[in-house]
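Visitor:
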């Protein structure tokens, strides 16, 4: 009788699960800077919120946890990532960082070290990790710029992190999609970034 009861309870639990649901929701924690924090935008206009709303509308079991902070650097993120991982227990972590480091001319090796530590901490917490390949303006010269971008390929190769395309590449070349500072995407750009990132996440999650 006990065995029959347990089977019945398992059957009823399965009926309560939406079609195609997994045992646990995909939780993507985004550790980024102002580009993902919605700098200069009204509340809920940023691409992260727009994508979360789209997931809700299409009933996709994906939760986005936005830990992005305007002005955040890789060393800043290292101070808080342990607490964030413990609090949210994400299944996936996207690291969208390094732009502020590069603009300020931080040493290439130091940026690489910080990115490697961010990936390692996330993986050690059981999360799958994606590293966005950030690009910066050529203000500090072509050599620094090339070495900066090359960091991401090196870290991804060394750590096994998934290397993700940078969402600002198609946006930054169009002034109509940028704020007056010519550094941050405006409201008009957010749906474009949302759609870009939805495809990027699909590629990553289905890999």
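Numbering (mature numbering (1 follows the signal peptide of the UniProt record, and there is no 0)), first residue to last: -23 to -1, 1 to 184. Even glycine gets a Cβ: it sits at the ideal position worked out from N, Cα and C.
1. Any contact between the region 80 to 99 and the region 34 to 48? By contact I mean 3 or more CB pairs, one from each, below 8 Å.
2. Within 8 Å, do at least three Cβ pairs link the region 138 to 150 to the region 106 to 124?
3. Helix, strand or coil: how does DSSP classify residue 119 here?
4. Alpha carbon to alpha carbon, what distance is there between residue 168 and residue 67?
5. Near residue 17, which residues of its chain fall below 7 Å by C-beta distance, leaving aside the five closest residues on each side in sequence?
6. Who are the near neighbours of residue 72 in its chain, counting only those whose CB is closer than 6 Å to its CB and skipping five residues on each side?
7. Between the Cα of residue 134 and the Cα atoms of 172, 79, 93, which residue gives the shortest distance?
8. Rounded to whole angstroms, what's the CA-CA distance from residue 91 to residue 36? Just pull it up for me.
9. From what residue to what residue does the beta strand (DSSP E) around residue 85 run?
10. Kindly indicate which three-state DSSP category residue 58 falls into: helix, strand or coil?
Guide: On the basis of the data shown:
1. no
2. yes
3. In this structure, DSSP gives residue 119 a helical state, which the three-state scheme calls helix.
4. 25 Å
5. The answer, listed in chain order, is 156, 161.
6. 8, 95, 108
7. Residue 93 is the option with its Cα nearest to residue 134.
8. In a straight line, the C-alpha of residue 91 is about 36 Å away from that of residue 36.
9. Element bounds for residue 85: not the beta strand (DSSP E) but the alpha helix (DSSP H), 85 to 101.
10. helix
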